[in-house]
Structure formats: structure tokens, C-alpha cells
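Here is the structure we will look at.
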């Protein structure tokens, strides 16, 4: 399949609803592309309709052979049902299912799926759930499958792990174990005929076997590719267990065959087909054994439907079509039987281990390929040089792809950032900090709740507004309601559009975050409040600037942009500069385009790139902007028009007791961890400077150019080592190459903001040098 979507339902039920539904889109190379979350309310109406359908379903057949010994009617008073009534229930069930899936926020998941997936792609949709009712629903009625003809559904349990089959010898045939169980009242000979006609297949038939015979064949050391069962079966205990009637006198559960089935899976069993009734209980137990793929009938199945499905599926699968497409085609062809067998195409369902990819028939036939005998060849030094350079580069690229080099590339990036010359302060900003002494000067009651009392904040804003700042940003949480006696402060919060507050988006329902100032009007929150959440790298260093992020419903902070982004936009708005989204989805302010960080940008590998974030080009120097303490403003009156007029004023605490300190690329030696308000100042300065001064933003090459860069340095190393026979010349040249590589990467970052791969290029260079020196000892070049 080209794409896989795994939809994980939380451990809840249809009766209570699903508070969290997580959908993940996986690429064909098994890399996670994106993830969405949603929820579903209780589906009580849908449950009621399904129970009614399930009651009427067996009554629609006057006389038919079921692949189940008995069909128990849940209500003996109902003895007949009209075809029109049954069709109406089916239509209501389709409508109710789609209405339920469009409710809550699950509809958003479907819309995202339709955005990322093409109807021309082959797609497998895997539902992970433990809820019995959810597993029984006719999911093929979901409107999504109408518009995606090559998509098919599979069921999965929540807990799984990949099976680890043993290598075994092959005979270029698919090994199939066919169990033809109790056939009383049904015809399994048609199943047998279909199996006998399969190409390149070695089939062993067990006809109404006894338990010891069945065990012996499941343990067969040659292993099986496909396990098939036809006969009577049924589920028990709420679809948690199932039984097979292997002969007229003996029923056996999956639990009783557990060890034998485990052995068959270890020996390479890939697919099991239970062409019998009510197989979800069987599927549940087999899933615990980590079987890769499984096909069962979700309800009682008439004999004719079971035969038709097998007749359609196996030849199509054996002809070369993918497993999922073959199942969908066979299931949809059952629609032609629905005049005689209503809802026939509702019955077959795939149960899938999500960690495995379903093989095609050719792969089942080939199995594990035999070892190839490698011919001995004599290669010229030129070919060896090229091969050595390529192998060294491939090794470096591989370990970089695995993320092993990320810590070293980030350290090199930090070193470059620290090595840049001082840029001076940003004169557009003013920092007003709340020190430990300022905190102690607050009233004891308010000191416990905040670093800045209502009275001090009111006085501070009054002083600032005398000198007409463009915007004031308060990087201090104010989730408590302002007391009524501070009317001026309340008025500022309600009406002063140049005053921007802060809140924090919650991590989960148990940690919902921090709410914005309560006095700000709700319809003005987006322009007046920004979140403080920060993207932090695995080594706890802040290198990325997060400006946009969706706020989940449980969060107390219902804004989608950051404090620094709000302050910068408000400052630039006075000059008529606004933000926009380009056709490629990037944020553009003025002429500056902010390139978003993705999972594998620059030296990063598989980072959390949710939201809109980009790298911070910290302003080089010891101080980002002029800075005053609260006491210097309120007590010493050091505030002047030159410091405030038309500036961005940021207010925040530098008291370590509030634990708002963070590591940056400068956090070493004379540069300790810095307060959050200072980092916010760097972020605001970065946006404004990029727009107004065309100061470089951090950028990086596409991955293919980075790979060519690494290959080029590996090739240069091979050329130097092979051509230079003098050790002195070689050392001089290698040293010069290293200096040039380091200088190039540093200058490009300093002058234009380009993050060029240094560490992988250096490792590729050294690896190639080492490898070629070894090769030179074996091959002496002709001079």
C-alpha cells in the first residue's frame, strides 16, 4: 500500500464516547508523516440501530446453510421481517454512522485525511480499538471509502509488536494449510476446489481432523505461509474468544491451539483466512499472538456467500494484486448476491498487525531469498576510489539520517553562533525587569501569587504611556482577576490595544495551562494575547521560535499565536506592515519570508515540528536591548522619552525563584542561562529586524543539496589522498581543506544565515581519508 492511516481510539466505548482519537498518516517507507487528533461523542443512536440490524439480519434468510451450528435469536417474539423494513434499517445505519463520524471533532480528522490523501492512492485504514461494538460496525459504509476506491479497512488491537519469523528454506511455492472442519449442513468442497486451483501452491488438506493431527501439522518445521479454515465457528464472551468446530464432535478454541499457532507464526505464517461465521472472537485471540494478517467474517455467513468470497479473493490475490485491493474487490463483488443474501458485502473484514506490511502472492511464494554467491572481480584503483568515497559518504548519511549526528551538529551550530561579532543592542526595544529585590518590595499577599503587584503594574503602565510606546508586552501571567479597586489597570486591560498579555497552552487535560488576563474582552483575545510556549530541543536548549500553534479544547489559553509574534506585528502595524500566508504556506511579513522548521531541517532529525516554528538568529552581543529594573522606573524615575517613545516595551521577571530561565546557544562561561523575557526580546527583535533591516533569518539547504555537499567533500578527500604521495603535502592539504570547510560554514551562517552541514562533511572527509590510505597500502597507483 502507498499510504497507511492508523486511527487509534482511546480505551473508552461507544456508549461513553471517545474523548481522544489519534490518527497517524504513515508513508510507504514506514515514516510517520503527520498526526491529527479529534474526539467522538457517545453513539447511542448508532448502537441501537446496529443492535436492531443484527437482530433482523438472520431472519432475512428463509432457508440457508449457515457456517455456524446455531443462530440464536435475541427476541423470540420477532419471527419475520419484510425486505423493505430491513433495507430501511440498513440505510438508517449508513446515515447514522456517517453522522456520528462527522460529529465531535472527528470530522476534522476526515477532512485532513482527504487533504493529504489522493483518491488514486492505495490506502489501508487501520482502526485500533478494544471496543467490541466499534469493531462490529460496517465501516465500509463510511463516506470516505466511497470517494477512495483503492482504500480498505482493517481492525487492530491497541497492544501489538512485530512478529519475528525464523528463516526457512523455500521451494518457490506458497505453503498453505487448509483445515476443512465440521461441514454438517454446508458445502466446503467448493472451498477445496478454489484452493486446489491456486498457482505455485503446496496445499495440505486436513478434513475434519482430530486435535492431535491438527497440532502436528501446525508445528510442521517447514512452516506455512497461509492458514485456511472452512466450517462452523462462533465467538463468545463479547467477541473476546472464539471456537472452531474442527470435526462433528470436537470444538476447539484459539487458546487451546496457542502454542501451535505461535510456532506457525515463528515459522513464517503471514495470512490466516477463516471462511466461517462470527470470526471477531477468533481474530481477537489471534491478534494477541501477533499474527500478521487475518481475514474473518464479522457476522454469521451463509454458505453461498463464504464460497463466493473465496472464489473472488484468492484468484485475484494470486494474480498479483495487493492484499488490500484483492479483499476490497472480492468484498464488493458480493454485492451481486445481495438479492438473495442481503448485506453479503458487509461480512468480510481484515484484522491487521499494524507493524507489518501485507505481502503480495509473489512475496509469499519467494519467502526468504537464498544467499547469492558473489563473484570475485578485479577492480581498478579508480573504481575503488569512487567506491570508497561513496561508501564513506553513505555511512555518514545513514548515521545522520538515524539522528546520531544531531547532538554534534547542534553543538557546532552553537559554536558558530557564539563566534559571531557583537551586533550591538536593538534600539527598538526596552526591557523592564522584575528583580528579586523588586519582588520583595511587593505586598506579601501579592508576592506569593505574582512577581508584579496590581498597584506596581498600574503605576508602571501609567509611566510608560506618558512617553507613547508602540506596544507593551507583559511576559508575566495574570490569570487572577484584577481587584476592583484598580480601576485604571482594569481599564488598560479592557481598552488599551497596545497592551499585550500572555497565557500558556496546556499540555493535556490534567495540565490545562494558564489562562490570559480575564479583563481582556473575549472577542479581542487573538490580537491582545499571545502564548508563552517555547520549542525546546532534546538537549534543553532553545534554538527554535514558535509563533503559531493550535490550542486544544482543554487548554485555558485559547490563542494560536505567540507573545513575541503579537508584539512584532503590533509594532509593524503602525508602519502599515502586515503578515500574510504565501501560496507555499509560509508566513510572510513585509518582504521577509520565515522558513518553517520541519522534522528533518538542517541538522535536525525527527524533531517535534508541530505548530509554525523557525530557527532563532540570536542577536550577537551581551545585551539585547536597553534594560531597567522596576525600582529604577518607579522609584528612581530613570524612564525617559528616548527610552520609550515608539519602542517595544517588554516586562518580565529575572528573579530565579520564578524558574523562568532557559539555556541558549550562548549558555556557557560568561553567558549563563537567560530569563524568558530576554529570550522573548530576541524573538521579537529577530522578526522586526528581518522585516525592517533585512537581517538574515536562519535557512538551510534541501536535503538533496546537503547530500551532494557531503558527497563532494568525500570525493575531494579521495582525490587529495590518492594524488598526493608526500606526507607533508598531504597533511598541509588536509589541514587547509578543514580550515576552508569550517570557515565556509561559519561565514555563510554569519553573513547570510545559512546553516551548512559541517559535522557530517568533516566526518565524511576523515572517513574517506582513512579508507583511501588503507586502499593505498593495497594498490600502488601508476604515476
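Numbering (full-length UniProt numbering), first residue to last: 1 to 783. Think of the CB as a built atom: it goes at the ideal place given N, C-alpha and C, for glycine as much as any other residue.
Check: Counting along the chain, where does the beta strand (DSSP E) carrying residue 101 start and finish?; Outcome: Per DSSP, residue 101 belongs to no beta strand (DSSP E); it is in the alpha helix (DSSP H), 83-101.
Check: For residue 681, which of helix, strand or coil comes out of DSSP?; Outcome: helix
Check: DSSP beta-bridge partners for residue 612?; Outcome: 548
Check: Out of 520, 612 and 580, which one is the CA nearest neighbour of residue 551?; Outcome: 612
Check: Tell me which same chain residues have a C-beta within less than 8 Å of the C-beta of residue 5, skipping the five on either side of it?; Outcome: 23, 24, 25, 26, 113, 117, 123, 124, 125 and 126
Check: With DSSP collapsed to three states, give me the class of residue 662.; Outcome: strand
Check: Tell me which residues share the same chain as residue 137 and place their Cβ nearer than 8 Å to its Cβ, disregarding the 5 neighbours each side in the sequence.; Outcome: 46, 50 and 97
Check: Rounded to whole angstroms, what is the Cα-Cα separation between residue 542 and residue 325?; Outcome: 47 Å
Check: For residue 425, does the three-state DSSP call read helix, strand or coil?; Outcome: coil
Check: Pick helix, strand or coil for residue 770, following the three-state DSSP scheme.; Outcome: helix
Check: Measure how close the beta-carbons of residue 89 and residue 33 come, nearest whole angstrom, since I'm counting them as under 8 Å.; Outcome: That belief does not hold up - the Cβ atoms of residue 89 and residue 33 are roughly 39 Å apart, past 8 Å.
Check: Between residue 418 and residue 665, how many whole angstroms is the CB-CB distance? I'm expecting something under 8 Å.; Outcome: 6 Å
Check: With respect to the alpha helix (DSSP H) encompassing residue 301, which residues constitute its N-terminal and C-terminal limits?; Outcome: Here residue 301 belongs to no alpha helix (DSSP H), and DSSP marks it neither H nor E.
Check: Which one or two residues does DSSP pair with residue 43 in a beta bridge?; Outcome: Residue 43 pairs with nothing; no bridge assigned.
Check: Using only CA atoms, which one of 653, 61 and 609 lies nearest to residue 545?; Outcome: 609
Check: What does the alpha-carbon distance come out to for the pair residue 202 and residue 220?; Outcome: 14 Å
Check: State the DSSP-derived secondary structure class of residue 243, mapped to helix, strand or coil.; Outcome: strand
Check: Taking residue 244 as the reference, which of 305, 162 and 181 has the closest Cα?; Outcome: 181
Check: Could you check whether the Cβ of residue 422 sits closer than 8 Å to any Cβ belonging to chain C?; Outcome: No chain C appears in this structure, which consists of one protein chain only.
Check: Among the candidates 556, 8 and 521, whose CA atom is the shortest distance from the CA of residue 510?; Outcome: 556
Check: Using the Cα positions of residue 647 and residue 109, report the straight-line distance between them to the nearest angstrom.; Outcome: 43 Å
Check: Residue range of the alpha helix (DSSP H) that residue 643 falls in?; Outcome: 641-644
Check: Do you know offhand how far residue 659's Cα is from residue 681's?; Outcome: 18 Å
Check: For residue 555, does the three-state DSSP call read helix, strand or coil?; Outcome: coil
Check: Since residue 687 contacts residue 568 with CB under 8 Å, what's their CB separation in whole angstroms?; Outcome: 4 Å
Check: Is the beta carbon of residue 11 sitting closer than 8 Å to the one on residue 158?; Outcome: yes
Check: Decide if residue 427 is buried, meaning its Cβ has at least 16 other Cβ atoms within 10 Å, or exposed.; Outcome: exposed
Check: Reducing DSSP to helix, strand and coil, say where residue 718 ends up.; Outcome: helix
Check: By the 10 Å Cβ neighbour count, where 16 or more other Cβ atoms means buried, how is residue 177 classified, buried or exposed?; Outcome: buried
Check: Which residues in the same chain as residue 764 place their Cβ atom closer than 7 Å to its Cβ, once the five residues preceding and following it in sequence are excluded?; Outcome: 392, 393, 396, 710, 713 and 714
Check: With a CB to CB cut of under 8 Å and the five nearest residues on each side skipped, what residues in its chain are close to residue 746?; Outcome: 416 and 419
Check: At the level of alpha carbons, what is the spacing between residue 18 and residue 354?; Outcome: 21 Å
Check: Could you work out which residue in 491, 570, 628 and 489 is closest to residue 526 when comparing CA atoms only?; Outcome: 570
Check: Could you pull the start and end residues of the alpha helix (DSSP H) that residue 132 belongs to?; Outcome: 132-136
Check: Helix, strand or coil: which one does DSSP assign to residue 53?; Outcome: helix
Check: According to the Cβ coordinates, are residue 412 and residue 759 closer than 8 Å?; Outcome: yes
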